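Protein chains: 2
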Amino acid sequence: MAWRYAMMLDPAASDVSPSSFADTFHAVDPTAPSLAVGELSAQRGDGVFESIGVIDGHPQQLEPHLERLAHSAAICDLPEPHLGQWREAVAAASAHCGPGESVIKLILSRGVEQGPSPTAWVTVASAADNSRARAEGVRVVTLDRGIDSGAAARAPWLLLGAKTLSYAVNMAAIREAKRRGADDAVFVTSDGIVLEAPTASVILRIGGTYVTPAPTGAILHGTTQLSAFDWLTAHGHDVEYRDVPVSALRTADAAWLVSSVRLAAPIASVDGAAIAVDAEVTRSLNAYLLTPHD
Amino acid sequence: MAWRYAMMLDPAASDVSPSSFADTFHAVDPTAPSLAVGELSAQRGDGVFESIGVIDGHPQQLEPHLERLAHSAAICDLPEPHLGQWREAVAAASAHCGPGESVIKLILSRGVEQGPSPTAWVTVASAADNSRARAEGVRVVTLDRGIDSGAAARAPWLLLGAKTLSYAVNMAAIREAKRRGADDAVFVTSDGIVLEAPTASVILRIGGTYVTPAPTGAILHGTTQLSAFDWLTAHGHDVEYRDVPVSALRTADAAWLVSSVRLAAPIASVDGAAIAVDAEVTRSLNAYLLTPHD
Numbered sequence: 008m009a010w011r012y013a014m015m016l017d018p019a020a021s022d023v024s025p026s027s028f029a030d031t032f033h034a035v036d037p038t039a040p041s042l043a044v045g046e047l048s049a050q051r052g053d054g055v056f057e058s059i060g061v062i063d064g065h066p067q068q069l070e071p072h073l074e075r076l077a078h079s080a081a082i083c084d085l086p087e088p089h090l091g092q093w094r095e096a097v098a099a100a101s102a103h104c105g106p107g108e109s110v111i112k113l114i115l116s117r118g119v120e121q122g123p124s125p126t127a128w129v130t131v132a133s134a135a136d137n138s139r140a141r142a143e144g145v146r147v148v149t150l151d152r153g154i155d156s157g158a159a160a161r162a163p164w165l166l167l168g169a170k171t172l173s174y175a176v177n178m179a180a181i182r183e184a185k186r187r188g189a190d191d192a193v194f195v196t197s198d199g200i201v202l203e204a205p206t207a208s209v210i211l212r213i214g215g216t217y218v219t220p221a222p223t224g225a226i227l228h229g230t231t232q233l234s235a236f237d238w239l240t241a242h243g244h245d246v247e248y249r250d251v252p253v254s255a256l257r258t259a260d261a262a263w264l265v266s267s268v269r270l271a272a273p274i275a276s277v278d279g280a281a282i283a284v285d286a287e288v289t290r291s292l293n294a295y296l297l298t299p300h301d
Numbered sequence: 008m009a010w011r012y013a014m015m016l017d018p019a020a021s022d023v024s025p026s027s028f029a030d031t032f033h034a035v036d037p038t039a040p041s042l043a044v045g046e047l048s049a050q051r052g053d054g055v056f057e058s059i060g061v062i063d064g065h066p067q068q069l070e071p072h073l074e075r076l077a078h079s080a081a082i083c084d085l086p087e088p089h090l091g092q093w094r095e096a097v098a099a100a101s102a103h104c105g106p107g108e109s110v111i112k113l114i115l116s117r118g119v120e121q122g123p124s125p126t127a128w129v130t131v132a133s134a135a136d137n138s139r140a141r142a143e144g145v146r147v148v149t150l151d152r153g154i155d156s157g158a159a160a161r162a163p164w165l166l167l168g169a170k171t172l173s174y175a176v177n178m179a180a181i182r183e184a185k186r187r188g189a190d191d192a193v194f195v196t197s198d199g200i201v202l203e204a205p206t207a208s209v210i211l212r213i214g215g216t217y218v219t220p221a222p223t224g225a226i227l228h229g230t231t232q233l234s235a236f237d238w239l240t241a242h243g244h245d246v247e248y249r250d251v252p253v254s255a256l257r258t259a260d261a262a263w264l265v266s267s268v269r270l271a272a273p274i275a276s277v278d279g280a281a282i283a284v285d286a287e288v289t290r291s292l293n294a295y296l297l298t299p300h301d
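Chains W and B, in that order, give the protein sequences.
Its first residue numbered 8, the first sequence is counted upward by one per residue in our numbering.
Its first residue numbered 8, the second sequence is counted upward by one per residue in our numbering.
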């Protein structure tokens, strides 16, 4: 990963409609200081974000990403982002991506402590080389997320359906997975229901049907999972959102972690027990995910 | 609250012992950019912090704060902070506090993405006027933290005992409390055990004994709670750490939220039902907490 570009945004009110937002952006050096020490993003992880995969300068699944940014902002009581402004910012950032795989991050923070308004920025970086995870798969461990499967509905202040900047637990889960000799984690509820990976969605194939945990508030609705379901449906496969017990992950015909940058990584083992990797479907799916599309 | 000072630290290895760390600090404008957009504090809430109350330039409970910073860092697999360096940084920052009440924040971030080392900074601000909360008390609502009382022991990757920068849920809980017409929240487990407030510890008086939930991993060990227990013990009161069911909060003889800056705020009501405020103990305790001490 290497930085390619960064820009600060002056967040627009959601009800304005200028002919261009260009004068609300300014480029910054991604390695130089741009944020004040009182930033609530930095002090409290108080904000929301998106990571968009970019193929040859084309941002994938832009609209689902923008919609999810707005959804996360609403859950967090942040001012409604002006999606026209963000769309234009992504277009400007995309021009700095170059060929191959890149990642554009959108960050919307509550702003500086006692400050008048949110802070927002966009970064562009080249993507890490994920070819090995796509080809060989990832070993995962299941980790208890602490919550039961009713928590999201009962306690919306847990912000479980928002992609917030408070990702310390997600990062800790990946470190725990590595300590256990695995590559990644899959969060499960305390009552044994599969949720999501710290930075990816889970898709399983069970009896010929492709299944993903229903995004009913406890997890994010994965943008790459949406792309994968589009492709699977177009190829005649059955897809379904439903609750998945952890036992079903261990006995799945095949399973994947899917995310915007790593794309589809087949799960090679769960808690040390191998599961089958479907190399053919994985290759075809990733070929689709690596083709520019909306 | 108004900014008074800020400084960046170049974190020292824990095993060095120079005669002074002065050349590892530099003052920055708290309102000007000091952090890069790739800061993992800002992107992922990935780091730890402390907020130290300062009275007339004297940082209260400095050593418990430094010890907790180190404890939080260990839970988060951050490099061990050099407490001698942080102690010296706090001393330098204290010189900018002036008379009255101030707050010094210590922040240790994992650093910039793909960066070589942690980022660290210290801010100094005047404290908000908390006299009303201390005198009149705070109305609290109990909010489900989603986890059961066994989660911390079972799932250390939830980082429940660390004071991390991932505080979006804490901030959301305070917003939810305000939506319900209250001032603050008290987190409880899904099985009905009192935890802590989003930014404070809970102390109750039950049958003449001052009780606080045992900091066994699910909550922070409050530095102001430690001070309060010192004072209570010195005045002949019994103090105890133990599990507190939420029913005991509702029927307590008296209860307080205690924290480094607001100090002791008596709880005036729980979920809309008034509880007794002990104005005399509150006044005496706050007089102690407002006296410079170590």
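No residue lacks a Cβ here, since even glycine has one placed at the ideal position from N, Cα and C.
Keep in mind it's a predicted model, so treat the numbers as computed, not measured.
- If the five residues before and after Ala180/W are omitted, its C-beta is found closer than 8 Å to the C-beta atoms of Leu150, Ala192, Phe194 and Pro205, all from its own chain and listed in chain order.
- The stretch 260-272 of chain B makes contact with the stretch 209-223 of chain B, as at least three CB pairs between them are under 8 Å.
- At least one C-beta of chain W is nearer than 8 Å to the C-beta of Gln50/B.
- In this structure Thr298/B is exposed. Its beta-carbon is surrounded by fewer than 16 other beta-carbon atoms within 10 angstroms.
- Distance from the CA atom of Ala162/W to the CA atom of Ser79/B, rounded to whole angstroms, is 26 Å.
- Burial state of Ala280/W is exposed, judged by a 10 Å Cβ sphere holding fewer than 16 other Cβ atoms.
- Separation of Tyr12/W and Val268/W (C-alpha to C-alpha, rounded to the nearest whole angstrom) is 17 Å.
- Distance from Asp198/W to Val147/W at the Cβ level is roughly 19 Å; contact not present, criterion being Cβ atoms closer than 8 Å.
- For Ala34/B, the number of other beta carbons within 10 angstroms of its own is below 16, and it is reported as exposed.
- Under DSSP, Ala271/B shares a beta bridge with Val265/B.
- By the beta-carbon neighbour count (other beta carbons within 10 angstroms, threshold 16), Thr31/B is buried.
- Taking every protein chain shown into account, the CB of Arg249/W has fewer than 16 other CB atoms within 10 angstroms, so this residue is exposed.
- Nearest to Pro252/B by C-alpha distance, out of Pro66/B, Pro220/B and Ala271/B, is Pro220/B.
- Taken in chain order, the whole alpha helix (DSSP H) runs of length 4 or more contained in the stretch 55-137 of chain B are 69-82 and 90-101.
- Residue range Thr216 to Thr219 is occupied by the beta strand (DSSP E) that includes Thr216/B, with no alpha helix (DSSP H) assigned at that position.
- Within the stretch 180-207 of chain W, the residues whose Cβ lies closer than 7 Å to some Cβ of chain B are Ala180, Arg182, Glu183 and Ser197, listed in chain order.
- In the DSSP assignment, Phe236/W falls within the unbroken alpha helix (DSSP H) covering Thr230 to Ala241.
- Contact of Gly224/W with chain B by beta-carbon distance below 9 Å is absent, the smallest such distance being about 12 Å.
- Taking the CA atoms as reference points, Tyr174/W sits about 7 Å from Asp53/B.
- For Glu46/B, the chain W residues whose C-beta falls within less than 7 Å of its own C-beta are Leu42 and Ala49, listed in chain order.
- Per the C-alpha coordinates, the member of Thr130/W, Pro66/W and Leu165/W positioned closest to Ala9/W is Thr130/W.
- With 16 or more neighbouring CB atoms inside 10 Å of its own CB, His228/W falls in the buried class.
- In this structure, Gly118/W is the residue among Asn293/W, Gly118/W, Asp278/W and Gly243/W with its C-alpha nearest to the C-alpha of Leu172/W.
- Between Asp151/B and chain W, the shortest Cβ-Cβ separation is below 8 Å.
- DSSP places Leu167/B in the coil class of the three-state scheme, outside both helix and strand.
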